[in-house]
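Just so we're aligned, residue 155 is where the sequence shown starts under the numbering used here, counting upward by one. We put the beta carbon where it would ideally sit given N, CA and C, even for glycine. All of these numbers come straight from a predicted model, not from anything done at the bench. Below is one structure, written out as structure tokens; comments come after it.
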Amino acid sequence: MINWLDIIKYANHGSPKPSRRVEKTDAEWEALLTPDQFRIARQHGTERAYTGAFCHLFEPALYGCVCCENWLFDSREKFESGTGWPSFTQPVTENAMKYRKDSSYGMSRIEVLCNVCDAHLGHIFPDGPMPSGLRYCINSASMRKVSTTAVQTATFAGGCFWCTEAIFKALNGVESVLSGYSGGDAINPGYDQVKTGATGHAEAIQVIFDSSIIPYEDLVRIHLHTHNPTTLNRQGADVGTQYRSAIFYHNEEQQAIAEQVIADEAANFEAPIVTELSAFGQFFKAEAQHQDFYARNSDTPYCDVVITPKLQKLREQYSDKLKIHT
Ligand SMILES: [Zn+2]
Numbered sequence: 155m156i157n158w159l160d161i162i163k164y165a166n167h168g169s170p171k172p173s174r175r176v177e178k179t180d181a182e183w184e185a186l187l188t189p190d191q192f193r194i195a196r197q198h199g200t201e202r203a204y205t206g207a208f209c210h211l212f213e214p215a216l217y218g219c220v221c222c223e224n225w226l227f228d229s230r231e232k233f234e235s236g237t238g239w240p241s242f243t244q245p246v247t248e249n250a251m252k253y254r255k256d257s258s259y260g261m262s263r264i265e266v267l268c269n270v271c272d273a274h275l276g277h278i279f280p281d282g283p284m285p286s287g288l289r290y291c292i293n294s295a296s297m298r299k300v301s302t303t304a305v306q307t308a309t310f311a312g313g314c315f316w317c318t319e320a321i322f323k324a325l326n327g328v329e330s331v332l333s334g335y336s337g338g339d340a341i342n343p344g345y346d347q348v349k350t351g352a353t354g355h356a357e358a359i360q361v362i363f364d365s366s367i368i369p370y371e372d373l374v375r376i377h378l379h380t381h382n383p384t385t386l387n388r389q390g391a392d393v394g395t396q397y398r399s400a401i402f403y404h405n406e407e408q409q410a411i412a413e414q415v416i417a418d419e420a421a422n423f424e425a426p427i428v429t430e431l432s433a434f435g436q437f438f439k440a441e442a443q444h445q446d447f448y449a450r451n452s453d454t455p456y457c458d459v460v461i462t463p464k465l466q467k468l469r470e471q472y473s474d475k476l477k478i479h480t
């Protein structure tokens, strides 16, 4: 979860890297947008309070950038601020937006822009609801509702989640990956409990992806080929049920696809695939130090020896499935 200190840091020292970039000339943007959208999103304008289409809309929705459809906010993070502009307390991913100091109109504020195409979205203030305490004050004209029918969740386990997270984060169409624990009994377990094997959880990742860009079938196939699905309760030196290979399907369609892919891939492995296939129950997010571990620790021996070669293999086998910056 992003808090005000993160925002100050981003505004002073630079924001997280975007997952892709879109760049167009003003004339090209003008041709794609309405005059209001162009004035607000491309020329740092502001719509009048209470006039925006999304001001009072609270039905389930995913809001994207009006210019490039980069996912910005989920309606679950939207709240009624009483200001007359759509207000959110968290972005959908940490790198969805960039933050810039703005001293226009004699005020000291922090501007929020789309991290993919630099569209002006609005401003951010530290007076939102807890726990983040943030209020993203966003122009309706800078956003469009994104179709959510293609957006799905997938849950995979394949040994140490530092590895699986790094792999899935590199895939085009994957919007977010969280490291955590799934497939066990205890509620909200911590790393120290899970690593004993006693809770029954596997180190797992929760993947939010756009199935119109990368189908579930591709995710299952890539999962099988980026860990060892033939060693029971073991990945290399990591031994225990917490390191088991598993696919936790979220619906019957995912179950049928996973069964089919495993059957199709059997001939490509020297030993039988022992990946557990079971219905998704619960996912508990791991502690902050386990999130985005590879990106923050890529020079450490474990990352260097275990994860970097896996990513190299991914680049060789699946270069057409990767985000442009990887
Ligand atoms: Zn954008």
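Expected contact under 8 Å - CB spacing of residue i and residue j to nearest Å
i: A195; j: A273; result: 4 Å
i: S229; j: R289; result: Actually they are not in contact, since the Cβ atoms of S229 and R289 sit about 16 Å apart, beyond 8 Å.
i: V220; j: L187; result: 7 Å
i: F363; j: G327; result: 5 Å
i: C222; j: C291; result: With a Cβ gap of about 21 Å, C222 and C291 do not count as contacting.
i: D339; j: G354; result: 5 Å
i: K171; j: L325; result: Not really, about 16 Å apart at Cβ, beyond 8 Å.
i: F484; j: E184; result: Outside the shown range of the chain (155 to 480) lies residue 484, about which nothing can therefore be said.
i: F499; j: I401; result: Nothing about residue 499 can be reported from this structure: the residues present for the chain run from 155 to 480 only.
i: L332; j: K464; result: So it is not a contact: roughly 19 Å between Cβ atoms.
i: Y253; j: Y164; result: 4 Å
i: G337; j: G435; result: 7 Å
Residues sharing a beta bridge with residue i, DSSP
i: C219; result: M297
i: A400; result: A311 and E430
i: A356; result: S336
i: Q347; result: Beta-bridge pairing links Q347 to no other residue.
i: K255; result: I264
i: N392; result: Note on residue identity: the sequence assigns Asp, not Asn, to residue 392. D392 pairs with Q389.
i: R289; result: F279
i: V305; result: D364
i: D539; result: An answer regarding residue 539 cannot be provided, because it is not within the stretch 155 to 480 covered by the chain.
i: S330; result: I362
i: W225; result: G218
i: L378; result: DSSP output for L378 lists no bridge partner at all.
i: L465; result: For L465, which the question treats as bridged, DSSP gives no partner whatsoever.
i: F233; result: S241
i: F437; result: S336
Buried or exposed by the 16-neighbour rule on C-beta atoms within 10 Å, applied to residue i
i: A308; result: buried
i: M297; result: buried
i: R469; result: exposed
i: R174; result: exposed
i: P245; result: buried
i: L373; result: buried
i: R202; result: exposed
i: G168; result: exposed
i: N405; result: exposed
i: K255; result: exposed
i: H479; result: Its pLDDT being 49, under 50, H479 is placed unreliably in this model, and the coordinates cannot settle the point.
i: K475; result: buried
i: R375; result: buried
i: P343; result: buried
i: Y204; result: exposed
i: V348; result: buried
i: N166; result: exposed
i: A433; result: exposed
i: Y259; result: exposed
i: H482; result: The structure shown does not extend to residue 482, since the chain is modelled only from 155 through 480, so no value can be given for it.
i: N269; result: buried
i: G206; result: buried
i: N224; result: buried
i: T247; result: buried
Residue closest to residue i, alpha-carbon to alpha-carbon, out of the options
i: Q471; options: T380, N157 and F242; result: T380
i: E213; options: V300, S262 and A165; result: V300
i: T429; options: W158, D180, A324 and T384; result: T384
i: K232; options: R193, M284, E265 and S366; result: M284
i: Y397; options: W316, Q306 and Y204; result: W316
i: V460; options: A442, V415, C314 and S432; result: C314
i: A410; options: L431, I264, A420 and K178; result: L431
i: V305; options: L386, L216, V393 and Q466; result: L216
i: S330; options: N342, V348, Q360 and K349; result: Q360
i: N249; options: G435, S257, G238 and F227; result: F227
i: S241; options: Q414, D281 and R193; result: D281
i: H377; options: I341, V348 and V415; result: V415
i: Q197; options: T179, S473, I321 and Y370; result: T179
i: E265; options: T237, T318, V393 and I162; result: I162
i: G238; options: T200, R450, S257 and R263; result: T200
i: Q466; options: A320, D190 and R263; result: A320
i: S294; options: S286, L386, D190 and F322; result: D190
i: N157; options: D446, F279, G218 and W225; result: F279
i: G287; options: L159, G394, E424 and S473; result: L159
i: A425; options: T395, L386 and S452; result: L386
i: D418; options: S452, Q443, Q389 and E371; result: E371
**Request:** Please write down, chain order preserved, every residue whose beta carbon lies under 6 Å from a heavy atom of ligand 1.
**Result:** Any residue whose Cβ sits closer than 6 Å to a heavy atom of ligand 1 makes the list: C219, C221, C222, N224, C268, V270, C271 and A273.
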